[in-house]
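Asker:
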Amino acid sequence: MARVIDIKCPTCSAPLQITPGAQQVTCKYCGGTSVIDRGAARPAGGGTVVQAPKPNTAPLVLAGALAGLATIGAGVALAVNTASVDLPAIAPPGAPATAAKGSAAAVPDKLRFGDQPMLADVDGDGTIDVVGKVDQTGDPYTIAAFNGRDGAILWQTEPLTKDAQDGSAKRAIVHGRLLSIDGLGKVQAYELRTGTPAWSTLLGEKAQRVCAGESLIVVETADEVRHGLDPPSGKKQTLDKKTPCTPVFSSDEEETPGYTMIGWWDFDKHRLDKNEVDGLSAHRALIPADPEAPRFVLGSRDKGTSVAMVGAVAKRDVLWKDVVPGVDPLTTTVNVTTQQAAYADGRLVIPYNMKDSGGGVRMACFDARTGTRLWDVQVHKGSQVSSGIAVTADDVFYATWTELHVLSLKTGELRFRLGKSF
Numbered sequence: 069m070a071r072v073i074d075i076k077c078p079t080c081s082a083p084l085q086i087t088p089g090a091q092q093v094t095c096k097y098c099g100g101t102s103v104i105d106r107g108a109a110r111p112a113g114g115g116t117v118v119q120a121p122k123p124n125t126a127p128l129v130l131a132g133a134l135a136g137l138a139t140i141g142a143g144v145a146l147a148v149n150t151a152s153v154d155l156p157a158i159a160p161p162g163a164p165a166t167a168a169k170g171s172a173a174a175v176p177d178k179l180r181f182g183d184q185p186m187l188a189d190v191d192g193d194g195t196i197d198v199v200g201k202v203d204q205t206g207d208p209y210t211i212a213a214f215n216g217r218d219g220a221i222l223w224q225t226e227p228l229t230k231d232a233q234d235g236s237a238k239r240a241i242v243h244g245r246l247l248s249i250d251g252l253g254k255v256q257a258y259e260l261r262t263g264t265p266a267w268s269t270l271l272g273e274k275a276q277r278v279c280a281g282e283s284l285i286v287v288e289t290a291d292e293v294r295h296g297l298d299p300p301s302g303k304k305q306t307l308d309k310k311t312p313c314t315p316v317f318s319s320d321e322e323e324t325p326g327y328t329m330i331g332w333w334d335f336d337k338h339r340l341d342k343n344e345v346d347g348l349s350a351h352r353a354l355i356p357a358d359p360e361a362p363r364f365v366l367g368s369r370d371k372g373t374s375v376a377m378v379g380a381v382a383k384r385d386v387l388w389k390d391v392v393p394g395v396d397p398l399t400t401t402v403n404v405t406t407q408q409a410a411y412a413d414g415r416l417v418i419p420y421n422m423k424d425s426g427g428g429v430r431m432a433c434f435d436a437r438t439g440t441r442l443w444d445v446q447v448h449k450g451s452q453v454s455s456g457i458a459v460t461a462d463d464v465f466y467a468t469w470t471e472l473h474v475l476s477l478k479t480g481e482l483r484f485r486l487g488k489s490f
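In terms of this note's numbering, the sequence shown opens at residue 69 and continues consecutively.
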């Protein structure tokens, strides 16, 4: 009888289902495609690789799984259901995160979430969880992981250093590690499962981007050098400049494993025209990782009152266009240089601001192929400052300065919220 082997996506750690005979697998959460290595010759084409047992391999037991993990590396893990962990809500200064058995901890009333949401199945229960920089009023920043079902805290790191909190610092999830790279180029790696420190190393330059090479963490620095780091140890590895490097979830708002946001100056590179959609003056675009998906241009009406607009393009064909607001467009406002959007599972979501500062933020969801407006909801009536947006096939994770709102991608219904607006 054919069987399905469950392993983790090397990019976002979501469960991957690999069927017998498959040559590659696409993650339904981040959209990343991985080549399957079944222990024979190295698969051609480069890119991310996941390893799967040969078809005749006997059923694995826990001891065998643990031995396999040591060989495969931290980026690939067998899907074994384990109990959730419980940590103090706020770790004392200087203390590492520690795990304890039991249910996850409740979220403090004064907690503030202020980061681009980073997504991964942290606790191995099959549900995508969210990770990001948090603080409480007057307390130092930490990084915390929250259960994707209800927002309970799974773990929290020790307080970040001053240099790890500033605007040039980077955070990312790659190959089973959470990375915190400070403004001086120091990389601190944490175990994604527990939040405990794993290793640290120095880059000698500020980080610009983090991505996933084949079995390597890759950090691109301001001097245009690419640094390869071994996920289990942090040991520096020789890196071929031509080696493909796939996007990961990070504190960079412009890139996720499922799509990349670009400015108008990169349109030519992606064969887009700023005026390609009639009546829409485009300033930004969302480029899905899936080459079969449409690309989406964002901007405003080219005549009359500035109103947010979106258009979908496949090759040179315009599939559809529409105003973003699902309410009276003249009651809304748009900053074309900072427009956000997110894409997953054939759906495009776009937050937009109400003109009245007390009107807060609404969000629209469109069918990617037809432009049908699937839902349009009020997210909140607080701050209009956004920290970022990320999506899975099930949920939308939208951060607004000090709050994280988790909505159903199918209906727009609010599932839970972290933090408080003020």
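Ideal placement from N, C-alpha and C gives every residue a C-beta, glycine not left out.
No experiment lies behind these values; they were computed from the predicted model shown.
#1: Which value, in whole angstroms, describes the spacing of the CA atoms of T460 and P315?
#2: Looking at C-alpha atoms only, which residue of D462, E323, G182 and K389 is the closest neighbour of D234?
#3: May I ask you to verify whether the stretch 390-410 touches the stretch 346-365, counting CB pairs closer than 8 Å and requiring at least 3?
#4: In three-state terms, what does DSSP make of S283?
#5: With distances taken between CB atoms, is the gap from L222 to V255 smaller than 8 Å?
#6: Could you tell me whether the stretch 460-475 touches the stretch 196-210, where touching means 3 or more Cβ pairs closer than 8 Å?
#7: Do L340 and V381 come within 8 Å of each other at the CB atom, strictly closer than that value?
#8: Since G331 is in the beta strand (DSSP E), which residue starts that stretch and which ends it?
#9: Could you check which residue in L477, L84, T229 and L271 has the C-alpha nearest to that of A188?
#10: Alpha carbon to alpha carbon, what distance is there between R369 and N421?
#11: Taking DSSP as the reference, what is the three-state secondary structure of H243?
#12: If you measure between the beta carbons of L270 and V286, is that distance less than 8 Å?
#13: Of the residues K230, T229 and A266, which one's Cα is nearest the Cα of L246?
#14: Looking only at DSSP bridge pairs, what is R369 linked to?
#15: Determine the direct distance from the alpha carbon of A280 to that of V293, and round the result to whole angstroms.
#16: Out of P208, Q224 and M377, point me to the one whose CA is closest to D199's CA.
#17: First and last residue of the beta strand (DSSP E) that includes F434?
#18: Can you tell which of A361, R239 and W388 has the C-alpha that lies nearest to the C-alpha of S318?
#19: Go to F465, then tell me how far its beta strand (DSSP E) extends in each direction, as first and last residue.
#20: Pull up the CB-CB distance for A376 and P185, whole angstroms please, since I reckon it's below 8 Å.
#21: For the beta strand (DSSP E) containing F214, list its first residue and its last residue.
#22: Kindly identify the DSSP beta-bridge partner or partners of A380.
#23: A361 and A436 - do their beta-carbons sit closer together than 8 Å?
#24: If we call anything under 8 Å between Cβ atoms a contact, is H448 one with G428?
#25: Here's the rule: buried if 16 or more other CB atoms are within 10 angstroms of the residue's CB, otherwise exposed. What is P359?
#26: What residue does the beta strand (DSSP E) around K254 start on, and which one ends it?
#27: Helix or strand or just coil, what does DSSP make of P176?
#28: Assign T399 to one of three DSSP states: helix, strand, or coil.
#29: Please name the residue, chosen from K383, P393, G347 and K303, that lies closest to K371 on a Cα-to-Cα basis.
#30: Assuming the contact rule is C-beta atoms closer than 8 Å, L477 and A432 should be a hit. Round their C-beta distance to whole Å, please.
#31: Roughly how many angstroms lie between the CA atoms of E481 and Q305, to the nearest whole one?
#32: How is the beta strand (DSSP E) around P265 delimited, first residue to last?
#33: Going by C-alpha to C-alpha distance, which of V445, K488, T399 and D396 sits closest to I418?
#34: Between the Cα of Q276 and those of E282, L284 and T289, spot the shortest distance and give me the residue it belongs to.
Answerer: So, from the listed chains and residues:
#1: 15 Å
#2: G182
#3: yes
#4: coil
#5: no
#6: yes
#7: yes
#8: Y327 to G331
#9: L84
#10: 16 Å
#11: coil
#12: no
#13: A266
#14: L348
#15: 15 Å
#16: One detail in the question is off: residue 199 reads as Val in this sequence, not Asp. Nearest of P208, Q224 and M377 to V199, Cα basis: Q224.
#17: V429 to D435
#18: R239
#19: D463 to T468
#20: Incorrect: roughly 22 Å between the Cβ atoms, too far for contact.
#21: T210 to F214
#22: F364 and W388
#23: yes
#24: yes
#25: exposed
#26: K254 to E259
#27: coil
#28: helix
#29: G347
#30: Not confirmed; about 13 Å, so no contact.
#31: 45 Å
#32: P265 to L270
#33: V445
#34: T289
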